[in-house]
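Colleague: Mind having a look at this structure? Questions to follow.
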Amino acid sequence: MSATLTSTDPSRTADGMPKLFPSRRSVGRWRPHLWHLFLIPFCVLWVYPFIWMFSAAFKSQREMLLGGLSLIPEEPTLDNFTRAWTTAKFGEYTVNTIIFTVLVVGIVLVVTSLAGYALSRPGLPFKKLIIGVLVAAMFIPHGYTIIPVFILVNELGLGNSLLGAALAQAGPVHVVPVLLFMGFFSGMPSELEDAAKVDGAGFFRTFLSIMLPLSKPVIGTVALQNFIGAWSAFFVPLVFTLGNPSLRTLGVGMYNFFGQESTDFAGLAAGATISVLPTIIVFLLLQKTFIEGIAGAVKS
Amino acid sequence: MAVRTRRTAAKRREYLWCYVLLLPLLLAFGGFTLWPIVASWWYSFFDWDGVGTPTEWVGVANFIEVLTAPDFWSAFWHSFLFSLVALFIELPLALAFAILLNNVRLRGRNMYRLALFVPVVTTTAVVGIVFVALLDPVRGAVNEVLFATGLVDSPINFLGSTVTALPTVMGIDLWKGFGISLIYWLAALQTVPKELIEAAQLDGARRFAIVRHIMVPVMAPIAIVIMLLLFQRSLGTFDLVQAMTAGGPVYSTDVVPTYIFRYAFSPEMQAPRYGFACAAGVIFGLLTLVLTLLQAPALKYRKRVAA
């Protein structure tokens, strides 16, 4: 190897060693940049429906009627939002959606954290059986069982109420959050419990005032997943509000926007923005937790 | 001896507490998972409009009616097509994107990932209706672009024609769920040890050989779970179809869940037919089960690989 070779020689690495695969390395260096030429337009097109929606929400109704593909409103206006909020009752729907979502998240958290703690106790009889049944229930298709659920909730006297809808949504508990809580609690050192016992705390006290506060990361993950799931739920709220339009959530309310003689596109866009913005914002803020939650469900 | 009894008593008390804490879960499971399955079967033997308790026993008449209804089978075929699109178009496409976005040298890959994922966190029914507006033959942006660029002479009525409606809804379904498959695949790719690939590269293995002999075997167990989850999810597609077309035009986009919904809850029908709808639900569940079991060889493969 002669000393005349400098580090700018494309067939050598920075320290002058010959490259193992010179051609492939140099290809690898520019290829990622080339991909941007495809990826950027593709992703813009991918999120175009949202861009259109946000833009149309601020356009005047006249501008919408004239059409045109410009994404920047000529004279931005908030009229569409006020119209959606009051005339199309999206204010009411937003309140309903918040109540529904809070109830669902609350029910799921209580049920799964309690169960997760119980199942994390070593040596509990039937533990394996319970977990096995729950996992099997996740994978075995049970067909279409909304009708019995609908009847059950009605018989509980909760038909035509947001609590009933929330129960139906949260009721078919998923095993994943239970396993998350279980995994977390069984990883806790047993000294912690022994200390609590010495201090005279009973089983439930130990759980409530020591273990539960420690499980904040799991609570966060489970709450986030169910927040997005419940906020964007459609089927259950649709079935449970058929008899009582004043209980509609945003998804169902949006659906009713349609089918009128002439659809108010600008109002529709404003309504859609109200519906999807909260979840998009929460997702963008907490994307890491959310994506890891989804990925973890497959891995485990 | 006395100490031991005290300890077992304490243990027993603890277990008792555990079952108390498990009670809400068991109640929810019993009430919202087990009971509905049993009740679906029971109700499907009755002709019942949901008023009072079911009394008019009709035996298997509902089942026969479902099985001989061409509308049911066409809806089932559409549901099945949704899952075929998911398995054979969405999954491979998502894998290609995952491999592309898994490249650490690709700058801004996180932004791309976010962009592709955003549709997942939005309400299906809402974006479905936004698409109805975008695809509107008269004022929709899509037709405007097609017209302006001279690709079409007259607007395409995407959702109004029996020919184009189903592929259109399927395309949007793919768009909506794509992000989940992408994240699944990215998670699966993370399980492939980097050292293994680097070692193979040092040995001069070609990219295809690396995919074939390292990535496929390592990722296979997760891939099978991804397949199963996606298959069941796409077979149950409801929100998007109901919001965009409600099964129309002329039932050309009808899927089993919208079919059942129509018989049980839709105001179009004079009286709800719970018994018939339950029978359709039970048959749909059985068909799904059979189709899932057909994938059992894949599960066996998973076990063999995992062992």
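As you go down the protein sequences, you meet chains A and B in turn.
Position one of the first sequence corresponds to residue 1 (UniProt numbering), numbered consecutively onward.
Position one of the second sequence corresponds to residue 1 (UniProt numbering), numbered consecutively onward.
Beta carbons are placed, not taken as given, at the ideal position from N, Cα and C, and that holds for glycine.
For residue 147 of chain B, which of helix, strand or coil comes out of DSSP?
Modeller: The answer is helix: DSSP assigns residue 147 of chain B an H, G or I state.
Colleague: Which one or two residues does DSSP pair with residue 46 of chain B in a beta bridge?
Modeller: In the DSSP output, where bridge partners are listed per residue, residue 46 of chain B has B:57.
Colleague: What residues in its chain sit with their C-beta under 8 Å from that of residue 186 of chain B, if we drop five residues either side in the sequence?
Modeller: 98, 101, 102 and 113.
Colleague: Quick one: list the residues of chain B neighbouring residue 49 of chain A, beta-carbon separation under 7 Å, in chain order.
Modeller: Chain B residues near residue 49 of chain A: 127, 130, 131 and 134.
Colleague: Let's test the definition: count the other Cβ atoms within 10 Å of the Cβ of residue 284 of chain A and tell me whether it reaches 16, buried, or not, exposed.
Modeller: So residue 284 of chain A counts as exposed.
Colleague: Does the beta carbon of residue 251 of chain B come closer than 8 Å to any beta carbon on chain A?
Modeller: It does not: the Cβ of residue 251 of chain B has no partner Cβ on chain A nearer than 8 Å.
Colleague: I'd like the ranges of any alpha helix (DSSP H) spanning at least 4 consecutive residues and lying wholly in the region 269-297 of chain B.
Modeller: Within the region 269-297 of chain B, the complete alpha helix (DSSP H) runs of at least 4 residues are 274-293.
Colleague: At a CB-CB cut-off below 8 Å, which residues of chain B make contact with residue 205 of chain A?
Modeller: Going along chain B, no residue has its Cβ under 8 Å from residue 205 of chain A, so there is no contact; the nearest lies around 11 Å.
Colleague: To the nearest angstrom, report how far apart residue 155 of chain A and residue 54 of chain A are at their CA atoms.
Modeller: Roughly 43 Å between the two C-alpha positions.
Colleague: I think residue 197 of chain B touches residue 222 of chain B, with their Cβ atoms under 8 Å apart; what is that distance to the nearest whole Å?
Modeller: Not a contact, Cβ separation roughly 17 Å.
Colleague: Would you say residue 132 of chain B and residue 155 of chain B are within 8 Å of each other, going by their C-beta atoms?
Modeller: Not closer than 8 Å, so no.
Colleague: For residue 59 of chain A, is the classification buried or exposed, using 16 other Cβ atoms within 10 angstroms of its Cβ as the cut-off for buried?
Modeller: Classification for residue 59 of chain A: buried.
Colleague: Write down the C-beta distance between residue 148 of chain A and residue 40 of chain B rounded to the nearest angstrom, noting that I regard them as a contact closer than 8 Å.
Modeller: Contact holds; Cβ gap of about 6 Å.
Colleague: Can you tell me whether DSSP reads residue 132 of chain A as helix, strand or coil?
Modeller: Correct three-state label for residue 132 of chain A: helix.
Colleague: Nearest to residue 162 of chain A by CA position, among A:243, A:85, A:198 and A:89, is which residue?
Modeller: The shortest C-alpha separation from residue 162 of chain A is found at A:243.
Colleague: Any idea what DSSP makes of residue 49 of chain A, helix, strand or coil?
Modeller: Three-state DSSP puts residue 49 of chain A in a helix.
Colleague: In this structure, how does DSSP classify residue 36 of chain A when only helix, strand and coil are distinguished?
Modeller: Note: residue 36 of chain A maps to helix in three-state DSSP.
Colleague: Consult DSSP for residue 1 of chain B and reduce its assignment to one of helix, strand or coil.
Modeller: Any reading at residue 1 of chain B needs caution, since the residue's pLDDT is 49, under 50, leaving its predicted position unreliable; the model's value is listed next. In this structure, residue 1 of chain B counts as coil in the three-state DSSP scheme.
Colleague: To the nearest angstrom, how far is the alpha carbon of residue 228 of chain A from that of residue 162 of chain B?
Modeller: Their backbone Cα atoms lie some 34 Å apart in a straight line.
Colleague: Is the CB-CB distance between residue 232 of chain B and residue 164 of chain B below 8 Å?
Modeller: No, the pair does not count as a contact, with Cβ atoms beyond the cut-off.
Colleague: Using a cut-off of 8 Å between C-beta atoms, extract the partners of residue 35 of chain B located in chain A.
Modeller: Here the neighbours are 148 and 152.
Colleague: Report yes if the C-beta distance between residue 263 of chain B and residue 75 of chain B is below 8 Å; otherwise report no.
Modeller: No, they are not a contact pair.
Colleague: Does the distance from the CB of residue 124 of chain B to the CB of residue 190 of chain A come in under 8 Å?
Modeller: The answer is no: Cβ separation not under 8 Å.
Colleague: Just checking my contact of residue 227 of chain B with residue 91 of chain B at CB under 8 Å: how many whole Å lie between their CB atoms?
Modeller: At roughly 7 Å, the Cβ-Cβ gap stays under 8 Å, so residue 227 of chain B and residue 91 of chain B are in contact.
Colleague: Cα separation between residue 100 of chain A and residue 239 of chain A?
Modeller: Spanning the two alpha carbons is a distance of roughly 14 Å.
Colleague: Show which residues of chain A have a CB atom less than 7 Å away from the CB atom of residue 277 of chain B.
Modeller: Near residue 277 of chain B (Cβ distances below 7 Å), the residues of chain A are 147.
Colleague: Pull out every residue of the region 19-53 of chain B whose Cβ sits closer than 9 Å to any Cβ of chain A, in chain order.
Modeller: The residues in question are 19, 20, 21, 22, 23, 24, 25, 26, 27, 28, 29, 31, 32, 33, 34, 35, 36, 37, 38, 39, 40, 42, 43 and 50.
Colleague: Mind listing the chain B neighbours of residue 178 of chain A? Cutoff is C-beta to C-beta under 9 Å, in chain order.
Modeller: Within chain B, the residues near residue 178 of chain A are 25.
Colleague: Counting only C-beta atoms, is residue 9 of chain B closer than 8 Å to chain A at any point?
Modeller: Closer than 8 Å: no.
Colleague: List the residues of chain A whose Cβ lies closer than 9 Å to the Cβ of residue 212 of chain B, in chain order.
Modeller: None at all; the shortest Cβ gap to chain A is about 18 Å.
Colleague: Given a threshold of 16 other Cβ atoms within 10 Å of its Cβ, counted over all protein chains shown, does residue 82 of chain A qualify as buried or as exposed?
Modeller: Its Cβ having fewer than 16 others within 10 Å, residue 82 of chain A is exposed.
Colleague: According to DSSP, is residue 102 of chain B part of a helix, a strand, or is it coil?
Modeller: Looking at residue 102 of chain B - three-state DSSP - the assignment turns out to be coil, as it is neither helix nor strand.
Colleague: So the candidates are A:200, A:79 and A:151; which of them puts its Cα closest to the Cα of residue 278 of chain B?
Modeller: For the residues A:200, A:79 and A:151, the minimum Cα distance to residue 278 of chain B belongs to A:151.
Colleague: To which residues of the same chain is residue 47 of chain B closer than 6 Å at the C-beta, ignoring the five residues directly before and after it?
Modeller: Taken in chain order, the residues that qualify are 56, 58 and 275.
Colleague: Among residues of its own chain, excluding the 5 on either side of residue 117 of chain A, which ones have a beta-carbon nearer than 6 Å to its beta-carbon?
Modeller: 185 and 207.
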